[in-house]
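Using the numbering used here, you'd call the opening residue of the sequence shown number 127 and step up by one each time. Beta carbons: idealized from backbone N, C-alpha and C, even for Gly.
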Amino acid sequence: MDDEDQGTAPKRRARRVEQTPVQRALGLLVRREHSRLELTRKLAARGVEREDAQAAVDKLSQAGWQDEQRFAHSLVRNRAAAGYGPLHIRAELGTHRLPAELVAEAMTQYEGDWQQNACDLLARRFPHGFEEMTQKRKAMDLLARRGFPMEIIRRLVQGRGQDWDDQA
Numbered sequence: 127m128d129d130e131d132q133g134t135a136p137k138r139r140a141r142r143v144e145q146t147p148v149q150r151a152l153g154l155l156v157r158r159e160h161s162r163l164e165l166t167r168k169l170a171a172r173g174v175e176r177e178d179a180q181a182a183v184d185k186l187s188q189a190g191w192q193d194e195q196r197f198a199h200s201l202v203r204n205r206a207a208a209g210y211g212p213l214h215i216r217a218e219l220g221t222h223r224l225p226a227e228l229v230a231e232a233m234t235q236y237e238g239d240w241q242q243n244a245c246d247l248l249a250r251r252f253p254h255g256f257e258e259m260t261q262k263r264k265a266m267d268l269l270a271r272r273g274f275p276m277e278i279i280r281r282l283v284q285g286r287g288q289d290w291d292d293q294a
């Protein structure tokens, strides 16, 4: 009987072909949008030389695979859906060193309602509303940490937080 039939032959691992910086960057972009800065940093963290990483990002930007505007809009939508407010999102966009005009455009083109997002977040965290001052304070702190403006926080929390459908 042959060794392979019995399963006793040693298994060989396929050699992994080293990816080019462009291939690595494209692999990251396939998963989600990245800013130029973020993509360059991730490539550098994976052992790609800074110049090669920058060249790869430039090539992908020119080919349309990486786009700062698309990244900004995607980040605004994703963070808003995760329960973050406009102040938090604007600050996060700033960490990516995007131009101020691009940040402003992405924020103004967001089609959601910030007050409704805050109301939904409170409804998830405080499903029975809140009566005590400590609960109101916790609700205010939650919304402030998540980056909602004080105007929205006061409106929702001072509205007693009893019926979330009436708050928005």
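Review point. From this set, Arg-167, Glu-194 and Leu-169, which residue's C-alpha is nearest Ala-230's C-alpha?
Key: The residue from Arg-167, Glu-194 and Leu-169 with its alpha-carbon nearest to that of Ala-230 is Glu-194.
Review point. Do Arg-272 and Leu-247 have their C-beta atoms closer together than 8 Å?
Key: yes
Practice item. Report the rounded CA-to-CA distance for Asp-196 versus Glu-175, giving the unit in angstroms. Key: The sequence shown places Arg at residue 196, not Asp. About 26 Å.
Exercise for review: Please list, in chain order, all residues of the same chain as Leu-186 whose beta carbon is under 6 Å from its beta carbon, the five residues on each side excluded.
Suggested key: Ala-151 and Gln-192
Check your understanding: If you drop the 5 nearest sequence neighbours on each side, which residues of the same chain put their C-beta closer than 6 Å to that of Pro-275?
Key -> none
Review point. What are the complete alpha helix (DSSP H) segments, minimum 4 residues, inside the region 191-218?
Key: 194-207
Check your understanding: Hey, is the region 231-242 in contact with the region 198-209, meaning 3+ C-beta pairs nearer than 8 Å?
Key -> yes
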